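Structure record follows, encoded as structure tokens.
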Amino acid sequence: MEDVRREYTDASDAALVVSIGRFQQAALAEAYRRHAGACFGLAKRLLGDHSRAEEIIQEVFVRLWNEPNRYDPERGTLRSFLLAHTHGRSVDLIRADAARRRREEREAREQADGGYDIAHEVWDLALAGHVREAMETLHPGEREAIELAYFGGLTYKEAAEQLGEPEGTVKSRIRSGLKRLRSELGRAGVGVGAE
Amino acid sequence: MGGAMDDVPDTSGDAYDLDELLGAYALDAVDADERRRVEDYLEVNPRAAAEVEAHREVATMLAFTGMDAPDDLWNRIAGEIGDTAPPPGPELAKVLSIDDHPKRRAISRIAPWVVSVAAAAVVAFVAIGLADRADAPNAPITSALEAARADRDSITTTLVADGSSASAEAIIDQDGHGFVVAQELPTLPEDQTYQLWGVVENGDVISLGIFGPNPEIETFTVEGAVTALAITIEQAPGVISDGNPDGAFVGAF
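Protein sequences appear in the order of chains A and B. Position one of the first sequence corresponds to residue 1 (our numbering), numbered consecutively onward. Position one of the second sequence corresponds to residue 1001 (our numbering), numbered consecutively onward.
See below:
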């Protein structure tokens, strides 16, 4: 049994998903060990609610168990896949709950007013320095737009209204900011997938 | 009357606008109508699809907080998925739902030749889907196999490959329990594995399980309509899609 666990510990994410497709619960446990923390952190930040974040993570990993074929390793990392599901489901909840959405917008506004704090979110990572430096290369408008959209759960139109900027400007800033981040992280030797 | 062009999203006039939406789309920051327009656009524009994936990878870097998930959450997940391992003995291969398959799976590389073999086949009315693990056969595998063989409602096929005298027998009983008698298949190197695929009614080819390099009597479970089966040779631990057609064993029901 230890050999089995060691096998999964050393397995690639793609191999884990294949094993999940074979009913290997230990493979799902290893995927959980690797990625659930990141997913939970994102969901909790978006939802501001511990128990709802747990519900989202449970849903995301049960779905991976039931539908492992949805993950295509050629299209990105497993972490990116799981985080995208986590983010999407969290945003769905936010938008389905008007009262919660208003609260999140208020928190997002306070966050934007408070300035850039991504470093606080990633300070305990080995990559924190690279991410912080990459974020600092962004135009302040790009940073604000990305923060409101990704961590505030706002649409770009809602972010534009909040920032008092034209919708097209905010839409473009999100895209250009993400491209710039990718470029900066790549320059720092942090691979973020091929385009 | 609808023509072929009706199936192609009209993106010529607003490709620039759609490109500009890709960042927001990757962050779930578009409304429902825009989401549908972008997803239609991604279906026909691989460059845009790649850009979205790249944006999501960047978001991944931002999202990581170094936080641990709650200790008891895994126990709840394990409880929901069923905390029993597959039954000892023959391992059930997992069958993937046909309802939610990504569209790309429909163009799996092995589809054309498998489907051609199955062209004259009688469709077997078994539903493919996620099997209830509680329904797994617990009897010794040979007994279960013999029972399936004796069942007049079971369907059978023989899987053969060009240039090989070896073959494998496949049987699916009326409850959807499948067996592949595969002892004749040549033993593969340790870094390779046999993988079972099923062709469903709409022509999609779906992975049904991985048998390892030296299969004997293997089991799987189906819950849907299957027209043919194929066993391919893959690099271990197997592939999620696009099976290798070279040397594949194929049989139609």
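Built from N, CA and C at the ideal position, the CB exists for glycine as well. Please read all numbers here as calculations on a predicted model, not as lab measurements.
Check whether the Cβ atoms of residue 1220/B and residue 1196/B lie closer than 8 angstroms to each other. yes
Can you find a CB in chain A that lies within less than 8 angstroms of the CB of residue 1215/B? no
Beta-carbon neighbours of residue 175/A, restricted to chain B and to distances below 9 angstroms: 1019, 1020, 1021, 1022, 1023, 1024, 1026, 1051 and 1055
Option in 143/A, 82/A, 70/A and 56/A with minimal Cα separation from residue 92/A: 56/A
Please confirm if residue 58/A has its CB atom under 8 angstroms from at least one CB of chain B. yes
Decide if the stretch 35-43 of chain A is in contact with the stretch 78-95 of chain A; the criterion is three or more beta carbon pairs, one per stretch, under 8 angstroms apart. yes
Would residue 1181/B be called buried (16 or more neighbouring beta carbons within 10 Å of its own) or exposed? buried
Same chain, Cβ closer than 6 angstroms to residue 1014/B, five either side skipped, listed in chain order: none
Taking the alpha carbon of residue 1082/B as the reference point, which residue from 143/A, 28/A, 77/A and 89/A has its own alpha carbon closest? 28/A
Along the chain, where does the beta strand (DSSP E) that runs through residue 1198/B open and close? 1192-1200
With 16 other CB atoms within 10 Å as the buried threshold, where does residue 134/A fall? buried
Closest residue to residue 153/A among 1155/B, 1245/B and 1063/B (Cα-Cα distance): 1063/B
What does residue 10/A touch in chain B if you count any residue whose Cβ is under 7 angstroms from its own? Within 7 angstroms Cβ-Cβ: nothing; residue 10/A doesn't reach chain B, min ~12 angstroms.
When 81/A, 95/A, 33/A and 89/A are compared against residue 1073/B, the one with the closest alpha-carbon: 33/A
In the DSSP assignment, find the unbroken alpha helix (DSSP H) run with residue 40/A in it and report its ends. 25-47
Measure the C-alpha to C-alpha separation of residue 136/A and residue 8/A and round it to an integer number of angstroms. 38 angstroms
Residue nearest to residue 155/A in terms of C-alpha spacing, selected from 171/A, 141/A, 80/A and 140/A: 171/A
Exposure of residue 1176/B, with buried meaning 16 or more beta-carbon neighbours within 10 Å: buried
Just to check, is the beta-carbon of residue 189/A closer than 7 angstroms to a non-hydrogen atom of the ligand GTP? The ligand content of the structure shown is nil, which means the ligand GTP is not present either.
Evaluate residue 1075/B with the Cβ neighbour count: other Cβ atoms within 10 Å of its Cβ, from every protein chain shown; 16 or more gives buried, anything less gives exposed. exposed
Quick one: residues in its chain with C-beta nearer than 8 angstroms to the C-beta of residue 1238/B, no 5 flanking neighbours on either side, listed in chain order? 1193, 1195, 1207 and 1210
Taking C-beta to C-beta, are residue 1250/B and residue 1230/B nearer than 8 angstroms? yes
Any idea if residue 45/A is buried or exposed, counting beta-carbon neighbours within 10 angstroms, 16 or more meaning buried? buried
Excluding five sequence neighbours on each side, which residues of the same chain lie with their C-beta closer than 8 angstroms to the C-beta of residue 1125/B? Only weak support exists for where residue 1125/B lies, its pLDDT of 34 falling under 50; the value from the coordinates is given anyway. Correct list, in chain order: 1225.
Indicate the three-state DSSP secondary structure (helix, strand or coil) for residue 165/A in the structure shown. coil
How would you list, in chain order, the residues of chain A whose beta-carbon sits under 8 angstroms from the beta-carbon of residue 1031/B? 155 and 157
With a CB to CB cut of under 6 angstroms and the five nearest residues on each side skipped, what residues in its chain are close to residue 68/A? 17, 20 and 21
Span of the alpha helix (DSSP H) holding residue 1226/B? That residue, residue 1226/B, is in no alpha helix (DSSP H); its beta strand (DSSP E) goes 1226-1235.
How would you list, in chain order, the residues of chain A whose beta-carbon sits under 7 angstroms from the beta-carbon of residue 1068/B? 37
In the stretch 1229-1243 of chain B, which residues sit with their C-beta less than 8 angstroms from some C-beta in chain A, listed in chain order? 1237, 1238, 1239, 1240 and 1241
If we ignore side chains and look at the alpha-carbon of each, how far apart do residue 53/A and residue 59/A end up? 10 angstroms
Quick one: list the residues of chain A neighbouring residue 1074/B, beta-carbon separation under 8 angstroms, in chain order. 29, 32 and 36
Exposed or buried, what is residue 187/A when buried is set at 16 or more other beta-carbons lying within 10 Å of its beta-carbon? exposed
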